[in-house]
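Sequential numbering of the sequence shown, starting at 146, is according to this note's numbering.
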Amino acid sequence: MESGTVALLGSTIPALVWIVASVDAIRRSTGEFTACGMSKRGWTGLLLLSMLAGLGPVVALAYLFVAVPRLRRGRHG
């Protein structure tokens, strides 16, 4: 691959991870977050502020690996 393609992938993949996490957080109801002892406003705000600060992919991964499993357990059991 050319270096331009690698650079494009290097910036696109983290952005896609952030988009997936943000859409998931926005799509879920406030009740789902509350039932699991979490704040929807807190997670969505953190995702937005982290992207503005340049740390969006890091917080998005934290959301996907911490919040999503808790939300799934809360919904199914």
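Ideal Cβ placement from N, Cα and C applies to all residues, glycine included. Because the structure is a prediction, the values reported are computed rather than measured.
Handout entry: Cβ shell of residue 180 (< 7 Å), same chain only, five flanking positions each side left out
Key = 219
Practice task
Take residue 209 and list the residues in its own chain whose beta-carbon comes closer than 7 Å to its own, dropping the five residues that flank it on each side.
Solution key: 166
Problem - Rounded separation between residue 152 and residue 161 - CA only - result: 14 Å
Exercise for the section: Can you grab the Cα-Cα spacing for the pair residue 184 / residue 198, in whole Å? Expected result: 21 Å
Handout entry: Nearest-angstrom Cβ-Cβ length linking residue 212 and residue 188, presumed shorter than 8 Å
Key = 6 Å
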